[in-house]
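First up is the structure itself, then whatever we jot down about it.
Numbering (our numbering), first residue to last: 2 to 171.
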């Protein structure tokens, strides 16, 4: 909440805001310094405690819970923050032989989803002409192999993906 604005001099202004501590921790200081070209400063008073509608935002990678990426945020920003995290992960996690689902969940309900597309290989490239049933058979075998790989395959989240999530640009 914006509280007041004081003009200290013709070139200096002091803005007073009432912000939740979680919003300050989440990349606020970096944005303040970059937005003011290093001239902005921040002072904090003793925090007071207020009740808020907070939820746990869980991130699922390939259906498995990634605890290190889970966070607590306000219910109003949960979907937006979940989408931002998933977009970062989609860029940072390498593609696999099978499609990987990235999901953001709040209270068991999926609020956002992104997919990492599977790597594709043209298995019919070596079939020149001939019967179409051979091509169908190869495509069907590839489809079953990818399904089997997806059921037993696991997705490793690289370290740079964790670091990218910490600096989500909202």
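We treat Cβ as the ideally placed atom computed from N, Cα and C, and that holds for glycine. Keep in mind that this is a model prediction, so the values were computed, not measured.
Considering only residues of the same chain and omitting the five flanking positions on each side of residue i, which have a CB-CB separation below 7 Å?
i, result
"residue 72", "58"
"residue 134", "none"
"residue 124", "139, 140 and 143"
"residue 41", "33 and 34"
"residue 158", "62, 67 and 94"
What do you get for residue i, buried or exposed, if any count of 16 or more other CB atoms within 10 angstroms of its CB means buried?
i, result
"residue 142", "exposed"
"residue 89", "buried"
"residue 14", "exposed"
"residue 108", "exposed"
"residue 36", "exposed"
"residue 39", "exposed"
"residue 106", "buried"
"residue 79", "buried"
"residue 126", "exposed"
Quick one: what's got a C-beta closer than 8 Å to residue i's C-beta in the same chain, skipping five residues either side?
i, result
"residue 32", "none"
"residue 120", "96, 97 and 98"
"residue 156", "62, 63, 65, 94, 97 and 101"
"residue 21", "53 and 75"
"residue 6", "14, 15, 16 and 17"
Contact check, residue i vs residue j under 8 Å by CB: the rounded distance?
i, j, result
"residue 60", "residue 94", "Wrong, their Cβ atoms sit about 11 Å apart, outside the cutoff."
"residue 64", "residue 113", "About 15 Å separates the two Cβ atoms, so there is no contact after all."
"residue 17", "residue 4", "4 Å"
"residue 2", "residue 19", "5 Å"
"residue 51", "residue 87", "Actually they are not in contact, since the Cβ atoms of residue 51 and residue 87 sit about 29 Å apart, beyond 8 Å."
"residue 163", "residue 85", "Not confirmed; about 15 Å, so no contact."
Curious, which full-length beta strand (DSSP E) runs of at least 3 residues does the stretch 41-93 contain? 55-62 and 72-75
Would you check if the stretch 129-137 and the stretch 90-107 touch, i.e. whether three or more CB-CB distances between them fall below 8 Å? no
Could you tell me whether the stretch 44-57 touches the stretch 69-85, using the rule of 3 or more Cβ pairs below 8 Å? yes
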